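Q: Handing you this structure, nothing more for now.
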Amino acid sequence: MEACHSRSNSASQSTTAAQTVALHSYAGKSIFITGVTGFVGKVVLEKLLRSVPKVERIYLLIRSNSRYPTAAERFQAEVATSTIFDVLKDEGEAEFAALCQRKLRFVSGELTAERFGLEESAFAELAAEIDLVVNCAASVNFREPLDDALATNTLSLYSIIQLTRARKVPLVHVSTCYVNGYNEGTIEETIAPPAQLSLPRNEAGFYDVEPLIASMQEKLATLSANISDQDQRQAALVELGIELSQQYGWNDTYTFTKWVGEQVLLQHLGGQALTILRPSIVESTLFDPVPGWIEGVKVADAIIMAYARQKVTFFPGDRQGVIDIIPADLVANSIIVAGAEALGGMPAHRVYQCSSSEQNPLTIKEVIEHVVYEARHHHTNYRKLFLRQPRRPFIMIPGWLFHLGLGMAYSAGACWQTLKGLLGAEASVALSNLDAARKLAGVFSFYTRPRYRFSNKKLLALASRLNDEERAAFPMDTAELDWQHYFRRVHLPGLNHYALDAKRARLKSAAPQRRPVATEVVKVTS
């Protein structure tokens, strides 16, 4: 892989390499966080509130909506009620509300609008208050219309840049390991080149993506002008995103626009502290605040769910391929420690990968074995995941064989449909299952045919600079992670309880708050 950073940035990074990192860097500091309504953002916020008591203020950018007209109201309804905060609430609802009242400040704004939609004066006041920006916001839909993905994952960063420039405050930007696209082999913690089409570089050595962004915007404008039907336009925007992404060497619009976003930050934040932190596939928490906490169905879980419901029993992939999974609390710890380094160190550009594939590789074969074992022997423990015991095994086959088999099955399915009167509902179910397999493969098969391993040596070196107490409180190391224990005793139970049985899990957290959780500081302009 190629290193793409300026000499000054390299020098800054080597100068700080031997310095210790301490969480007391947060003492008296104010943090601005985006994406707190999302999965990773919630885990970061909970850990800060519970384990970094000396932080002064946490400003949260949250988009209001018709149901919740302010950020504070939406936070109280959609974030504060989350089970992620149950450990904090064990001390009492009133105590949790008081903690939020002391620490949290809310900004009602739109991430993709210029200056988040704030008046210039309000934006300037906000910039004057903060000491660190943590950008957790992203659109993680792999088949997002290109205009939406570009707005969220790339163009929104210009407002982030403007916010940090006022006082040259550090930025921790949460990206993804998969910005490395179709590149293969060992992926180092540096800036990945496009795997297929080349792009020009600027004088500092960064990829010049401004012409690429302009070209995409021109294509978007042309497409929107030529297609009036909304559904057809949305479908065309999805296909345009996939086409351009794969043309340049990325599997999907999400990873492509995240890579372009990284280049924007590198180009515009010269001389400032910028940390790009790339998690791999983020799944349920390992330790904190409880083992197995998860929100929603993630990449690996979509396939697990399809097997659990017997909709998909064969899938394209490499059984011996190493799939890179990282628990969410290790990601949150990495973000927080990277923030401490940025607050206490010299300005530099840093890239860290929060991953497991190099240090503690997990094969797809092992994942399948853990899931099938629980399905066969303990399916009654998973009331929501396994509605009944799966009768068929889960088979991972080469991609060419999958598509050949799918085509043959569709041909047979057409015959079944013709004879539906004789076969009853079975034909419809079979065709529905084939369609589910096809759709899942279209989105996720890239991740089940891995040809790469993500290095995390720099992140481990960062962890080594913590003292023993803080290293234990903020673990980032996957070396000792027991994957069998994680899947069978942590992740699958957590998926069943928190993600799939969410209504039941939220009963405790949904208790009425005794007081407002915090105050609104600025609102979006009308």
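Just so we're aligned, residue -14 is where the sequence shown starts under the working numbering, counting upward by one. Note that CB positions come from ideal geometry on N, CA and C, so glycine has one too. Bear in mind the structure is a predicted one, so any value in this text is a computation, not a measurement.
1. For L407, I'd like the list of residues in its chain whose CB is within less than 7 Å of its CB, leaving aside the five on either flank, ordered along the chain.
2. Expressed to the nearest angstrom, what Euclidean distance is found between the alpha-carbon atoms of Q4 and A457?
3. Grab the span of the beta strand (DSSP E) containing M331 for me, first residue to last.
4. What is the C-beta distance between L259 and H158, in whole angstroms, given that I count them as a contact (C-beta under 8 Å)?
5. Using the Cα positions of G306 and T348, report the straight-line distance between them to the nearest angstrom.
6. Identify, in the order they occur along the chain, each residue of the same chain with its Cβ nearer than 7 Å to the Cβ of I382, setting aside the five sequence neighbours on each side.
7. Kindly give me the distance between the Cβ atoms of D309 and S269, rounded to whole angstroms, as I take these residues to be in contact under 8 Å.
8. Please report the straight-line C-alpha distance between S15 and A107, rounded to a whole angstrom.
9. Compare the C-beta of V297 against all C-beta atoms of chain B and say whether one is closer than 8 Å.
10. So, using beta-carbon positions, are V72 and A317 closer together than 8 Å?
11. For R35, report the span of its alpha helix (DSSP H) as first-last.
12. Do T171 and T240 have their CB atoms nearer than 8 Å?
13. Any idea what DSSP makes of C121, helix, strand or coil?
14. Who pairs with G170 in a beta bridge, going by DSSP?
15. What does the alpha-carbon distance come out to for the pair L404 and S67?
16. With R456 as the anchor, note down where its alpha helix (DSSP H) starts and where it stops.
17. At what residues does the beta strand (DSSP E) containing H515 begin and finish?
18. Could you name each continuous beta strand (DSSP E) segment of 3 residues or more that falls completely within the segment 285 to 326, going from the start of the chain to the end?
19. Sorted by chain position, which residues of the same chain lie with C-beta nearer than 7 Å to N165's C-beta, five sequence neighbours on each side aside?
20. What do you get for M461, buried or exposed, if any count of 16 or more other CB atoms within 10 angstroms of its CB means buried?
21. With a cut-off of 8 Å on the beta carbons, I'd call R473 and H355 a contact; round off their distance for me.
22. Count the other CB atoms within 10 Å of the CB of G479; is the residue buried (16 or more) or exposed (fewer)?
23. Are three or more beta carbon pairs between the segment 123 to 131 and the segment 224 to 244 nearer than 8 Å?
24. Could you name the residues that DSSP lists as bridge partners for I261?
25. Taking E41 as the reference, which of T22, P274 and K88 has the closest Cα?
26. Could you compute how far the alpha carbon of V223 sits from the alpha carbon of Q181?
27. Is it the case that the Cβ atoms of I279 and A484 are separated by a distance below 8 Å?
28. Out of K74, Q86 and Q147, point me to the one whose CA is closest to A109's CA.
29. In angstroms, rounded to a whole number, what distance separates the CA positions of I321 and V336?
30. What did DSSP end up calling K93 once you bin it into helix, strand or coil?
31. For the segment 177 to 265, list the beta strand (DSSP E) runs that are entirely contained and at least 3 residues long, ordered along the chain.
32. May I have the straight-line CA-CA distance separating R201 from V194, to the nearest angstrom?
33. May I ask you to list the residues that DSSP assigns as paired with M461?
34. Taking L466 as the reference, give the member of L315, P435, L447 and E454 with the closest Cα.
35. R304 to R263, Cα distance in whole Å?
36. Between G281, C85, L45 and E78, which lies nearest to P38 when the distance is taken from Cα to Cα?
A: With the structure as the only source:
1. Annotation note: pLDDT 42 at L407 (below 50); position unreliable, coordinate value reported separately. None.
2. Linking Q4 to A457 through their CA atoms gives a straight-line distance of about 19 Å.
3. Here M331 belongs to no beta strand (DSSP E), and DSSP marks it neither H nor E.
4. With 8 Å as the limit, L259 and H158 qualify as a contact, their Cβ atoms being about 7 Å apart.
5. Each residue's Cα considered, the two are about 5 Å apart.
6. F299 and P301
7. So it is not a contact: roughly 15 Å between Cβ atoms.
8. 16 Å
9. Chain labels in this structure do not include chain B; a single protein chain is all it has.
10. Not closer than 8 Å, so no.
11. Unbroken alpha helix (DSSP H) run through R35: F24 to S36.
12. no
13. In this structure, C121 counts as coil in the three-state DSSP scheme.
14. Y437
15. Residue confidence is low: L404 scores 42 on pLDDT, short of 50, so the model does not pin down where it sits. No coordinate-derived value is stated.
16. D453 to A458
17. Only positions -14 to 511 of the chain appear in this structure, which leaves residue 515 out of reach.
18. 299 to 301 and 310 to 312
19. Closer than 7 Å at the Cβ level, and outside the excluded window around N165, lie I172, A177 and Y437.
20. buried
21. 6 Å
22. buried
23. Yes, they touch.
24. H158 and V336
25. Cα-wise, what sits closest to E41 is K88.
26. V223 and Q181 have their C-alpha atoms some 21 Å from each other.
27. yes
28. Taking only the C-alpha atoms, the option nearest A109 is Q147.
29. 14 Å
30. In the sequence under discussion, the amino acid at residue 93 is Ser, which differs from the Lys named in the question. In the three-state scheme derived from DSSP, where H, G and I count as helix and E and B as strand, S93 is classed as strand.
31. 259 to 264
32. The amino acid occupying residue 201 in the given sequence is Met; Arg does not appear at that position. In a straight line, the C-alpha of M201 is about 11 Å away from that of V194.
33. M461 is not bridged to any residue.
34. L315
35. 25 Å
36. C85
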